[in-house]
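Student: Sequences listed follow chains A and B, in order.
For the record, in the first sequence the residue sitting at position 128 is 938 according to my numbering, with numbers rising by one throughout.
For the record, in the second sequence the residue sitting at position 191 is 1001 according to my numbering, with numbers rising by one throughout.
C-beta: ideal position from N, C-alpha, C; glycine also.
Everything numeric in this text was worked out from a predicted model, so none of it was measured.
Protein chains: 2
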Amino acid sequence: MISQEKNSGNAASPIVHAKADRANPVTLREVAELAGVSTATVSLVINKKKNARIADETRQRVTEAIAQLGYRPNAMAKTLVSGTSKFIGLVADGVATTPFAGQIIHGAQDEAWKHGYALLIANTEGNQDLEKDAIAMMLEYKVRGILYSTWFHRPTDIPETLREADFVLVNCFSPEAGTARAVVPDEAQGGQSATEILLRGGHRRIAFINTTTPAPARDGRLQGYRNALEAAGIPFDADLVLEAYPDQEGGFGATDELLKRNVSAVYCYNDRMAMGLYDGLRENGLSIPDDIAVVGFDNQEVIAAHLRPPLSTVSLPHYELGAAGVRMLLGLDAAPLESAVKIACPAVERASVAVHTAA
Amino acid sequence: MISQEKNSGNAASPIVHAKADRANPVTLREVAELAGVSTATVSLVINKKKNARIADETRQRVTEAIAQLGYRPNAMAKTLVSGTSKFIGLVADGVATTPFAGQIIHGAQDEAWKHGYALLIANTEGNQDLEKDAIAMMLEYKVRGILYSTWFHRPTDIPETLREADFVLVNCFSPEAGTARAVVPDEAQGGQSATEILLRGGHRRIAFINTTTPAPARDGRLQGYRNALEAAGIPFDADLVLEAYPDQEGGFGATDELLKRNVSAVYCYNDRMAMGLYDGLRENGLSIPDDIAVVGFDNQEVIAAHLRPPLSTVSLPHYELGAAGVRMLLGLDAAPLESAVKIACPAVERASVAVHTAA
DNA sequence: GAAATTTGCTAAAACGCTTGAACAGCATGG
DNA sequence: CCATGCTGTTCAAGCGTTTTAGCAAATTTC
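Pasting the structure below:
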């Protein structure tokens, strides 16, 4: 009476059951009809429900029908019922402004996938309106949660709407502690590791060319340098800390000042400065690592691995940040509200620091 | 009788109407109740239906109710009804293997967003199974279509399942012509532009250091070189075409051979080779651009813009590829099946080629 | 061999929304 | 004043799933 769909038996339909048409996808109902069971049964079979009692023979028939029709579940319908999707949103303020950001996406995507989630990304280029829209979109699509990431490590304000979702800050943190979960690189440990590469190379007079731009990295990387020296019993000499704009030109330009310091090794705030410094040292007829050893920070592959000589440096763990963000979001990793979780920056040793032989 | 939900008037519910609880989102129905209308009306107001006749006063009340409750439509429910989502899938074989890929994502994301679509990305790292799963997932989420992209320009096989969706190949193409829409960089034009930079610089004897690795780029960039020479009336000299592995070491290693050719300018297959060549030329005491002018290809920012001197090169239009892919998918741009659409590689002139004064 | 239990399956409601048909009330035209 | 046409709104079906309660048949228990 109500539904005349079940043309069970009564001729007419020549069972053509063609494969999914792009516009008319195969539904559960059609599978059920072909298998001669109810949609409930098909659903139970598909989802391999533990305590569902289905005869092997039936299960078999359903499986065949599914294969025959090329059935694909409609995730939207599923989500409607369950209330939350298998999406994790990733809001980035610069997907590709830097080669780095890609790695955050990459890490997040891999980890999300591992747990059955797909990544929904939005690039906002820092535009507040776009950001708001992006978050709204994600909320509408019932994402499981949102990763809010920045392309360089910095404090950030938390957009109002973000609080409507479950979220984790990635590569950034809230200035007001205790209000958001966050994961950031461990700059101090990184700075320490960088310095230690040089210490292991036998160097005692080590300069640090820091950036002029205020950032957590600036403070952290300096702190790491001091910690390393202290641990090695070398007094900190403020005169050995220079500052320059954090790019090639900055590194190049710092060469002269550096040479006045009479050091045997330099730790640069980042790889780009190191790249500039390479040019500067070369112009002064100095060779790396024999005359001066150099380490950078960031491990920007295209640069670091291919300079001549290849640059020893410290990796910014972007991939790991993305992955850790997802784990924290899903509650798989501890995610304290009080302070950001710090991810280690592993040292990457290459030829820009000579191996220390004997004492 | 059927529904006892409409507690219209009959006491009991103390109209607390709190704002959206994360677990219990506000629904259309609640908005309707608060505004004292039916859900149909609310829906009509929200979607600003053209031929819906709604009194201004009603419209007003609904709008207020929405604001008051902080209502957010459930996109999944919407999609269920309409049949297709506002998603565009992007399958990439290396999201961040290279800084490039990020730009494809970026371009696709911006363009998609512009048309009200969100990007669903999946990184497969070339893994076939992952790829299949990713495409399946996208199909289940009823994506409007899929962008299938590779991190370097190359022919590709089209996964079986991809054909179940509307799709466009980005930065790759099908070896069997006429079977898929595709968008790729115009390598030949790029090679020609690169060579022309040198020709404009007054150079006549121009070497080309090509890659040893077979790829459309290898053929296209060489063709462009030949086209440019021909247009300038310079006979092609096979002796001026060298080959090397396409990285810094390759460029560096090609220096000696190059110097035997007695040329005044070099066009390198890519920026990384140019970077290596810089080192090689420097070691030979040659200066760029005075002794030898250099152009690269790819415009890999971190390298090209910051070498000393900055490198003239040609951009791979990754951002545009992503954007064009989306437009083709949505039917906004022509998308012939017969052959891939080619996107121009614009020249980027920097200081590695001196300006030509006088003839 | 009746009662109790287990097995295999289905009916139907629910998820939140859209949309065409329908309807009441009112104004207009003849 | 009846037919007609608007206007503003609601009804109710439907989108493709999941899931709980329930039912008939088969099997076991005593």
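#1: Taking C-beta to C-beta, are residue 1098 of chain A and residue 1104 of chain A nearer than 8 Å?
#2: Here's the rule I'm using: 16 or more other beta-carbon atoms within 10 Å means buried, otherwise exposed. How should residue 1024 of chain B be labelled?
#3: Could you have a look at residue 918 of chain A and say whether DSSP puts it in helix, strand or coil?
#4: Counting only the same chain and skipping the five closest in sequence on each side, list residues whose C-beta sits under 8 Å from that of residue 915 of chain A.
#5: Could you name the residues of the same chain whose beta carbon sits closer than 7 Å to that of residue 852 of chain B, not counting the 5 residues immediately before and after it, in chain order?
#6: By how many angstroms is the C-alpha of residue 1100 of chain A removed from the C-alpha of residue 1117 of chain A?
#7: So within the segment 1045-1079 of chain B, which uninterrupted beta strand (DSSP E) runs reach at least 3 residues, ignoring any that extend past its ends?
#8: Taking just the CA atoms, how far does residue 1147 of chain B sit from residue 1031 of chain B?
#9: What residues in its chain sit with their C-beta under 8 Å from that of residue 1045 of chain B, if we drop five residues either side in the sequence?
#10: Chain B beta carbons: is any one of them nearer than 8 Å to that of residue 849 of chain A?
#11: Would you mind working out which of A/924, A/909, A/979 and A/1119 sits nearest residue 1059 of chain B, comparing C-alpha positions?
#12: Can you tell me where the beta strand (DSSP E) with residue 981 of chain A in it begins and where it stops?
#13: Pull up the distance between the alpha-carbon of residue 1136 of chain A and that of residue 1072 of chain B, whole angstroms please.
#14: Where DSSP assigns a beta bridge to residue 1125 of chain A, which residues make up the other side?
#15: Rounded to the nearest angstrom, what separates residue 816 of chain A and residue 850 of chain A at their Cα positions?
#16: Excluding five sequence neighbours on each side, which residues of the same chain lie with their C-beta closer than 7 Å to the C-beta of residue 953 of chain B?
#17: For residue 878 of chain A, go through chain B and note every residue whose CB falls closer than 8 Å to its CB, in chain order.
#18: Pick out whichever of A/941, A/940, A/1159 and A/1107 has its Cα sitting closest to the Cα of residue 910 of chain A.
#19: Please report how far the alpha carbon of residue 1006 of chain B lies from the alpha carbon of residue 1069 of chain B, in whole angstroms.
#20: Kindly list, in the order they appear in chain B, the residues whose Cβ is closer than 8 Å to that of residue 951 of chain A.
#21: Taking the continuous alpha helix (DSSP H) assigned at residue 959 of chain A, which residues delimit it?
#22: Looking at chain B, is there any beta carbon in it that lies within less than 8 Å of the beta carbon of residue 1063 of chain A?
#23: Quick one: using the 10 Å Cβ neighbour count with 16 as the cut-off for buried, is residue 1056 of chain A buried or exposed?
#24: Under 8 Å between C-beta atoms, does residue 1113 of chain A make it to chain B?
#25: Measuring only the C-alpha atoms, how far is residue 1017 of chain B from residue 998 of chain B?
#26: Would a C-beta distance cut-off of 8 Å place residue 972 of chain B and residue 958 of chain B closer than the cut-off?
#27: When the Cβ atoms of the segment 1147-1162 of chain B are set against those of the segment 983-995 of chain B, are three or more pairs found closer than 8 Å?
#28: Going by DSSP in three states, residue 932 of chain B sits in which element: helix, strand or coil?
#29: For residue 1166 of chain B, which option in B/1144, B/1013, B/935 and B/1078 has the closest C-alpha, if you only look at C-alpha atoms?
#30: What does residue 1089 of chain A touch in chain B if you count any residue whose Cβ is under 7 Å from its own?
#31: Beta-carbon of residue 919 of chain B versus every beta-carbon of chain A: anything under 8 Å?
#32: Comparing the C-beta of residue 947 of chain B with each C-beta of chain A, is any distance below 8 Å?
#33: Quick check on the burial criterion: 16 or more other C-beta atoms within 10 angstroms. Buried or exposed for residue 1082 of chain A?
#34: Nearest CA to the CA of residue 879 of chain A: which residue from A/962, A/835 and A/1111?
#35: Could you tell me how far apart the beta carbons of residue 1054 of chain B and residue 1064 of chain B are, in whole angstroms, since I believe they sit closer than 8 Å?
#36: Within the same chain, show all residues whose beta-carbon is closer than 6 Å to that of residue 985 of chain A, passing over the 5 residues directly before and after it, in chain order.
Tutor: According to the structure data:
#1: In contact: residue 1098 of chain A and residue 1104 of chain A (Cβ atoms closer than 8 Å).
#2: Looking at its Cβ environment, which holds fewer than 16 other Cβ atoms inside 10 Å, residue 1024 of chain B is exposed.
#3: Of the three classes helix, strand and coil, the one that applies to residue 918 of chain A here is helix, per DSSP.
#4: If we look at residue 915 of chain A and ignore the five residues flanking it on each side, its Cβ neighbours are 900, 902, 905, 929, 931 and 1132.
#5: Contacts found: 838, 841, 842, 845 and 872.
#6: Answer to the nearest angstrom: the Cα atoms are 16 Å apart.
#7: Counting whole runs of 3 or more residues, the segment 1045-1079 of chain B contains the beta strand (DSSP E) stretches 1051-1054 and 1075-1078.
#8: Going by the C-alpha atoms only, they are around 24 Å apart.
#9: Contacts found: 1039.
#10: The beta carbon of residue 849 of chain A does not come within 8 Å of any beta carbon belonging to chain B, so the residue lies off that interface.
#11: When each option's Cα is compared against that of residue 1059 of chain B, the closest is A/1119.
#12: 977-983 is the extent of the beta strand (DSSP E) around residue 981 of chain A.
#13: Computed Cα separation, rounded: 56 Å.
#14: A/1108, per the DSSP bridge assignment.
#15: Any reading at residue 816 of chain A must be qualified, since the residue scores a pLDDT of 36, below 50, and its modelled position is unreliable; the value itself is stated next. Near 15 Å, if we compare the C-alpha coordinates of residue 850 of chain A and residue 816 of chain A.
#16: These residues qualify, in order along the chain: 895, 897, 898, 899, 930 and 975.
#17: The contact set of residue 878 of chain A on chain B, defined by CB atoms closer than 8 Å, is empty, because the minimum CB distance reaches about 15 Å.
#18: Nearest C-alpha to residue 910 of chain A: A/1107.
#19: One C-alpha to the other measures close to 21 Å.
#20: Under the 8 Å cutoff, chain B gives 885, 886 and 928.
#21: Where residue 959 of chain A is concerned, there is no enclosing alpha helix (DSSP H), although the beta strand (DSSP E) it sits in stretches over 955-965.
#22: Judged by the 8 Å Cβ criterion, residue 1063 of chain A is not in contact with chain B.
#23: Sixteen is the threshold: when 16 or more other Cβ atoms of the shown chains lie within 10 Å of the Cβ of residue 1056 of chain A, as they do, the residue is buried.
#24: Look at residue 1113 of chain A: its C-beta is under 8 Å from a C-beta on chain B.
#25: Straight-line spacing of the CA atoms in residue 1017 of chain B and residue 998 of chain B works out to 16 Å.
#26: Contact flag set, yes.
#27: Short answer: they touch.
#28: Three-state result, residue 932 of chain B: strand.
#29: Comparing C-alpha distances from residue 1166 of chain B to each of B/1144, B/1013, B/935 and B/1078 shows the shortest one belongs to B/1013.
#30: 1118, listed in chain order.
#31: With respect to chain A, the C-beta atom of residue 919 of chain B has a partner C-beta closer than 8 Å.
#32: For residue 947 of chain B, the nearest CB of chain A lies under 8 Å from its own CB, placing it at the interface with that chain.
#33: Residue environment: residue 1082 of chain A is assigned as buried (16 or more neighbouring CB atoms within 10 Å of its CB, all protein chains considered).
#34: Minimum Cα distance to residue 879 of chain A is reached at A/835.
#35: That pair is a contact at about 4 Å.
#36: Counting only Cβ-Cβ distances below 6 Å, and skipping sequence neighbours, we find 965.
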